[in-house]
Amino acid sequence: MYRYDEFDQEFVDQRIAQFSDQVRRRLKGELNEDQFKPLRLMNGVYLQLHAYMLRVCVPYGTLNSRQMRKLAHIARTYDRGYGHFTTRQNIQFNWPKLSDVPAILKELAEVEMHAIQTSGNCIRNTTADHLAGAADDEIADPRPYAEIIRQWSSLHPEFTFLPRKFKFAITGAPHDRAAIQVHDIGMQIVRSEAGDLGFKVYVGGGQGRTPLVAKLVRDFLPEEDLIAYSEAILRVYNRYGRRDNKYKARIKILVHETGIDELRGDIEAEFEKIRHGVLQLPADEVRRIETYFALPPLDPAATSARFDAKSAGNPAFAAWAERNVHPHKVTGHASVTISLKPIGGVPGDASAEQMEAVADIAETFSFDELRVSHEQNLILPHVRLDDLDKVHDALVAADLAEGNAGLITDIIACPGLDYCALANARSIPIAQEISERFGNAERQRAIGDLKIKISGCINACGHHHVGHIGILGVEKKGEELYQLTLGGSADETTSIGAIIGRGFAGDRIVDAVETVVETYLKLRANDNETFLAAYRRVGDAPFKEALYGTA
Amino acid sequence: MTDTQANDIYRDGRFLADGWTYLADDDPVPADGAVFLSLSRFLADLAVLRGRNAPTGVVVEAGEDVRSIADEFAHVAAVAVAFPKFTDGRGYSTARILREDLGFDGEIRAVGDVLIDQIALMRRCGIDAFAVSHAPTRAALEAGHVPRVDHYYQPAGRADEVPTGTRPWLRRPA
Ligand code: SF4
């Protein structure tokens, strides 16, 4: 993974000194909350319902065991003993004191971490495929490019006060696990006919109250132009993005209102002015950055005899492996999902003890590497098949062995009314109740791949628009109500879910989800037809009828 | 806000008396003296202004296209880039386009909501003078206390920044 050199370390240290000074001035009253707000947001400090929240950046979701142990230490020392992994592959701490934040940032800097640009109207953490560098279907590892974007966007002098926040996502595989089409800029690594690496560039995807699928702005962007083109897009957005209404300020609205063809013209014109200048990426420098992300020394002769024997002899292990183990580009190896979705638990939460257990496992079995997935799970990217049973045993001991990756209880949920000042409704308790309802292992498996995503308000932090089943908390006459959307998806066939009908009260929503699931089970063409495929085949009607009757 | 009404300008590390006057669109343009005009008035009165023998400046509001005066730099001594609110970052693009794309080499000043925490960013974008009314910002500038990070991850086309470190895109102040 990327290693700081002197420059990077000094940069982070200076930034901490700067922010510590800002906190000091705020506590002294030299800055009022209005003036402090954009500054603290630039550094990941939010004011929530009950307390400040600190969001720590995990660049493109990659971290090592030392960093994970530091996160555990921070959870224990400055928070209430746990942290929450987010859909942006970051981690947030819900209960720090503002006066402790400078000390937390210093601790983070010791392990090459920071909270820079994890909030605010600036360029946020670039997210990437959580199986990057390991997946058997990838063209190239997206993380070196994500790292280059991270560097370029760090305290960018021109793009620090954008109309609204700005999110990049990048995938190196044709099967999109990074939801690139619902990001402000989505990049997909492709090879040209001549064999050169480059990107398909999408722009203007997003969720929130106006969910839009990104538009393709460029078929093939040469590798060397990654930053120049990004700068061109950002400049056009900074100048022309709407600033009169924060709900219309994301680039998706600019794309929608201007039209992709006209906007492409503006972007290309800006690009032409700068493409041959200082922003051009030298290929040898890209190759050098790539070496930080080189595949660890995996043994290509690794066998799977032990794995096969253990699978045959231990049904619990086999069942877990069937869901949570993913193909690796090197034979005899796999990537592993560590589910942060225990039945009835809070999606994405991990205790300090669990973080430490995961750090130990990564150190012993995964070349010290860990990932955070945007689905709020953790990943061990490089594990020998024949070590999987030992990994499983260790996960069982840490209460982290739920074999539900991609199943109905692998739910994404935003913090909702339990933490968030903007929420209309609770998300976490609904997720917990659904998880309990469908928690039976056989039942989940029989249902198969099904992504449920829950947001506590229309800001859609829980990605409900792209859930196969989406749940949105709304408020009606002082009551929490939940709207169901069906048919959303965030992969290479991205679609926005359609609202199925009027909402359900908090004590009815889980029944409604169950009705949808039972309807699907009855109508699916065969056991292998997923919920999404079935929904796309039959449409709304059978689900509407089951939920609301024919009248 | 605890602002003082100042008619000075912060430039080259200190506050100096400002010799410029900002004219409203219906004020007559005097023959002498340095005056700032709105962009629309500047374009409308170009024929007259081209013959003026005193410095003329243009105020570019957020949202106005600075490229519209690109052919008239011979008659533009200074540009005032407006920041209506410090959270409105359009002026940063305006300044960089002026300096880096259009090659404007006169004074670029920031006017409006100019606060201490943005001054380092404004400088990197090519702004070299600051009209500051916010009292704590004035105090901090006078004390020479400008918070900044002087390790830059991106080139910004300034002559006073030089390459540093191992990566070709890194910069630091000269
Ligand atoms: S979706 Fe709404 S309720 Fe949930 S975290 Fe985002 S803003 Fe808060």
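Sequence order for the protein chains is A and B.
At position 456 of the first sequence (counting the first as 1) the number is 477 in my numbering, and the numbers step up by one without a gap.
At position 52 of the second sequence (counting the first as 1) the number is 1353 in my numbering, and the numbers step up by one without a gap.
A virtual CB, placed ideally from N, CA and C, is assigned to each residue, including glycine.
- The beta carbon of arginine 1312(B) sits closer than 6 Å to those of Ala1430, all from its chain and outside the five residues before and after it, given in chain order.
- By DSSP's assignment, valine 393(A) forms a beta bridge with Leu399(A).
- Look at the stretch 155-183 of chain A and you find these whole runs of alpha helix (DSSP H), each 4 residues long or longer: 164-174.
- Residue pairing from DSSP places serine 372(A) in a beta bridge opposite Tyr103(A).
- By the rule that beta-carbons nearer than 9 Å mark a contact, arginine 1468(B) touches chain A.
- Residues of chain B with a Cβ closer than 8 Å to the Cβ of leucine 60(A) are, in chain order, Asp1418.
- Where proline 1464(B) is concerned, the enclosing beta strand (DSSP E) starts and stops at 1462-1464.
- With a contact defined as Cβ atoms closer than 8 Å, arginine 1400(B) and glycine 1427(B) qualify at about 3 Å.
- Distances taken from the Cβ of cysteine 435(A) to the heavy atoms of the ligand SF4 include one shorter than 8 Å.
- For lysine 269(A), the three-state secondary structure derived from DSSP is helix.
- For threonine 536(A), the enclosing alpha helix (DSSP H) has its first and last residue at 530-544.
- In the three-state DSSP reduction, leucine 361(A) falls in the coil class, being neither helix nor strand.
- Annotated as proximal: threonine 515(A) and valine 203(A), with beta-carbon spacing under 9 Å.
- Residue contact check for glutamine 39(A) against chain B: a CB pair falls below 9 Å.
- Here DSSP, grouped into helix, strand and coil, assigns histidine 347(A) to strand.
- When the Cα atoms are used, glycine 1390(B) and threonine 279(A) turn out to be separated by approximately 20 Å.
- The stretch 257-344 of chain A is shown to contain whole alpha helix (DSSP H) runs of 4 or more residues at 272-279, 281-295, 304-313 and 326-334, in chain order.
- Residue-level contact by beta carbon holds for tryptophan 173(A) and chain B, with a gap shorter than 9 Å.
- With a cutoff of 8 Å, alanine 481(A) counts as near the ligand SF4, since its C-beta is closer than that to a heavy atom of the ligand.
- Using a CB distance cut-off of 9 Å, tyrosine 1311(B) does not count as an interface residue toward chain A.
- Between the ligand SF4 and the CB of leucine 183(A), the shortest heavy atom gap is not smaller than 8 Å.
- Scanning Arg45(A), Asp246(A), Gly509(A) and Gly570(A) for the CA closest to the CA of glutamine 228(A) turns up Gly509(A).
- In this structure alanine 161(A) touches leucine 218(A) by the C-beta definition: roughly 6 Å separates them, less than 8 Å.
- Shortest Cα-Cα distance from alanine 1457(B) to any of Ala452(A), Gly298(A) and Phe220(A) involves Gly298(A).
- When secondary structure is reduced to three states using DSSP, glycine 219(A) falls in the strand class.
- The beta-carbon of valine 1450(B) is placed less than 9 Å from the nearest beta-carbon of chain A.
- Looking from the CA of proline 321(A), the closest CA among His403(A), Met208(A) and Glu423(A) belongs to His403(A).
- Annotation for glutamate 513(A): Pro195, His196 and Asp197 place their beta carbon closer than 7 Å to its own, counting only its chain and skipping 5 residues before and after.
- Beta-bridge pairing by DSSP links serine 86(A) to no other residue.
- For the stretch 169-196 of chain A, the set of positions with a beta-carbon nearer than 9 Å to some beta-carbon of chain B reads Ile169, Arg171, Gln172, Trp173, Ser174, Ser175, Leu176, His177, Pro178, Glu179, Phe180, Thr181, Phe182, Leu183 and Pro184 in chain order.
- Short of 6 Å from the beta carbon of phenylalanine 1316(B), and not among the five residues preceding or following it, lie these beta carbons of its own chain, in chain order: Asp1309.
- Aspartate 42(A) belongs to the set of residues whose beta carbon lies under 9 Å from a beta carbon in chain B.
- A Cβ-Cβ separation of about 23 Å leaves valine 538(A) out of contact with alanine 200(A) under the 8 Å criterion.
- At least 9 Å separates the CB of glycine 1320(B) from every CB of chain A.
- Membership of methionine 22(A) in any beta strand (DSSP E) is not indicated, and neither H nor E is assigned to it by DSSP.
- Residues of the stretch 1437-1463 of chain B with a C-beta less than 8 Å from any C-beta of chain A: Pro1437, Pro1448, Arg1449, Val1450, Asp1451, His1452, Tyr1453, Tyr1454, Gln1455, Pro1456, Ala1457 and Gly1458, listed in chain order.
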